[in-house]
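**Q** Under my numbering, the first residue of the sequence shown carries the number 5, and numbering increases by one thereafter. We put the CB at the ideal spot given by N, CA and C, even for glycine.
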Amino acid sequence: MKAVILYKPNSEAESSVREYVREFARETGRDIALVDSDSVQGIEIAKLYDIMRFPSIVVFRDDGSYIESWLDREKWPTISELSFYNQ
């Protein structure tokens, strides 16, 4: 399984997104991929999983099938909740 955060660099949310990623790495020893929502990869992920709000966390299986997403930064999962998916 893989978790990515789709976000817009240089936005108001960037610092909180990066802090979440740092905390996740510190607590779990694992990384979450940051993907610019305007990049080719970001656009593909957003279209594939129907993501229209950024920043968003998307979790999918290795085969690309969708598992879960969180679109509202205020309602993102805790580090321990997300670590369950991002193994």
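Ile61 to Asn14, Cα distance in whole Å?
**A** Position 57 of the sequence shown, counting from 1, holds the residue named residue 61. Position 10 of the sequence shown, counting from 1, holds the residue named residue 14. Rounded to whole angstroms, the gap between the alpha carbons of Ile61 and Asn14 is 18 Å.
**Q** Can you tell which of Lys51, Lys12, Thr32 has the C-alpha that lies nearest to the C-alpha of Leu86?
**A** Taking the first residue of the sequence shown as position 1, residue 86 is located at position 82. For the residues Lys51, Lys12, Thr32, the minimum Cα distance to Leu86 belongs to Thr32.
**Q** Taking its Cβ as the centre, do 16 or more other Cβ atoms sit within 10 Å of Ser69, making it buried, or is it exposed?
**A** Residue numbering aside, residue 69 sits at position 65 when the sequence shown is read from its first letter. Counting Cβ neighbours within 10 Å, Ser69 comes out exposed, since fewer than 16 surround it.
**Q** Our contact map puts Lys6 next to Phe64 with C-beta atoms below 8 Å; I'd like the distance itself, whole angstroms only.
**A** Residue mapping note: residue 6 aligns to position 2 of the sequence shown, counting from 1. Residue mapping note: residue 64 aligns to position 60 of the sequence shown, counting from 1. The pair is a contact, with the Cβ atoms about 6 Å apart (cut-off 8 Å).
**Q** From Ala50 to Ser84, what distance separates their C-alpha atoms?
**A** Mapped onto the sequence shown, residue 50 falls at position 46. Mapped onto the sequence shown, residue 84 falls at position 80. Approximately 25 Å, taken between the alpha carbons.
**Q** Return the chain-ordered list of same chain residues with a C-beta closer than 7 Å to the C-beta of Arg77, the five sequence neighbours on each side being excluded.
**A** To locate residue 77, count along the sequence shown from 1; it is residue 73. For Arg77, where only same-chain residues beyond five positions count, the Cβ hits under 7 Å are Ala17, Ser20, Pro59.
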